[in-house]
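One structure below.
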């Protein structure tokens, strides 16, 4: 796979600096919430507290362990969707609290705040062409597809958004995505309830 030409742009290094500083600040701020979540998860779901150690495809398709709190009951794949969760873990999933440990992935450089969401390694995906461009940037906590439709966006459209992200890589795009993400999460929650 070709090396990313984006590494030659000054914003590449600004983005990494921003990822380090913001992830450190957010880890310090959310650490009490993460510790409380761990305690409540142990009481609600037991061990393990992290997702089933599935590796994800990072930049250049390099596998990495994406940290995430477990929200589903063990061996619950055959149950109806809502029955896979406890009341606590269901709301934890909806409010995206289970994603907080990914701040550590950002801090150590495996992920960024903004970029394509990483696929599970060897996951069976719909038969759609996947552009190599999505692997020339670090995967992100949020992305274009989330802020322009979220769950309503098809797999094909998500891949198109990933390509658009690469083609328009820069501060303005990242800033807009970061501002719109919490607003979109709130909007999706309001529409659902």
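Residue numbers (this note's numbering): 4 to 196. Beta carbons: idealized from backbone N, C-alpha and C, even for Gly.
key: Backbone CA spacing between residue 82 and residue 76 [nearest angstrom]   = As a position in the chain shown, residue 82 is number 79, starting the count at 1. As a position in the chain shown, residue 76 is number 73, starting the count at 1. Roughly 10 angstroms between the two C-alpha positions.
query = How about residue 9 and residue 172: are their beta carbons less than 9 angstroms apart?
reply = By one-based count along the chain shown, residue 9 stands at place 6. By one-based count along the chain shown, residue 172 stands at place 169. Yes; because the gap between Cβ atoms is below 9 angstroms, this pair is in contact.
Residue range of the alpha helix (DSSP H) that includes residue 124 = Walking along the chain shown from the start, residue 124 turns up at place 121. Segment: none, residue 124 is in no alpha helix (DSSP H) and carries neither H nor E.
ask   = Between residue 108 and residue 54, is the Cβ-Cβ spacing less than 9 angstroms?
value = As a working mapping, residue 108 is identified with position 105 in the chain shown. As a working mapping, residue 54 is identified with position 51 in the chain shown. Not closer than 9 angstroms, so no.
inquiry  = What would DSSP say about residue 178, mapped onto helix, strand or coil?
reply    = If you number the chain shown from 1, residue 178 lands on position 175. DSSP places residue 178 in helix when its eight states are reduced to three.
ask   = What does residue 58 pair with, by DSSP beta-bridge criteria?
value = Numbered from its first residue, the chain shown carries residue 58 at position 55. According to DSSP, which records beta bridges pairwise, residue 58 is partnered with 68.
message = Can you tell me which residues form a DSSP beta bridge with residue 26?
response = In the chain shown, counting from the first residue as 1, residue 26 sits at position 23. Paired residues: none, contrary to the question.
ask   = Could you give the distance in angstroms between the alpha-carbon of residue 144 and the alpha-carbon of residue 156?
value = In the chain shown, counting from the first residue as 1, residue 144 sits at position 141. In the chain shown, counting from the first residue as 1, residue 156 sits at position 153. Looking at the two C-alpha atoms, the distance is approximately 17 angstroms.
task = Kindly indicate the opening and closing residues of the beta strand (DSSP E) around residue 144.
result = To locate residue 144, count along the chain shown from 1; it is residue 141. Counting along the chain, the beta strand (DSSP E) containing residue 144 begins and ends at 143 to 145.
ask   = Which one of 140, 178 and 158 has the shortest CA to CA distance from residue 12?
value = On the chain shown, position 9 is the one that residue 12 refers to. Of the candidates 140, 178 and 158, the one whose C-alpha sits nearest the C-alpha of residue 12 is 140.
ask   = Is residue 162 closer than 9 angstroms to residue 132 when the C-beta atoms are compared?
value = Here residue 132 refers to the residue found at position 129 of the chain shown. Here residue 162 refers to the residue found at position 159 of the chain shown. Closer than 9 angstroms, so yes.
inquiry  = Using a Cβ-Cβ cutoff of less than 6 angstroms, which residues in the same chain neighbour residue 6 once the five nearest sequence positions on both sides are dropped?
reply    = Here residue 6 corresponds to residue number 3 of the chain shown, with the count starting at 1. Contacts found: none.
ask   = Along the chain, where does the beta strand (DSSP E) that runs through residue 134 open and close?
value = Position 131 of the chain shown holds residue 134. Per DSSP, residue 134 belongs to no beta strand (DSSP E) and is neither H nor E.
ask   = Opposite residue 115 in the DSSP bridges: which residues?
value = The count along the chain shown starts at 1 and reaches residue 115 at position 112. According to DSSP, which records beta bridges pairwise, residue 115 is partnered with 143.
Close Cβ partners of residue 1 (< 7 angstroms) along its chain, the five nearest in sequence each way excluded = A question about residue 1 goes unanswered here, because the residues of the chain that appear run from 4 up to 196.
request  = Go to residue 108, then tell me how far its alpha helix (DSSP H) extends in each direction, as first and last residue.
outcome  = For the purposes of this step, residue 108 is taken as the residue at position 105 of the chain shown. 105 to 110 is the extent of the alpha helix (DSSP H) around residue 108.
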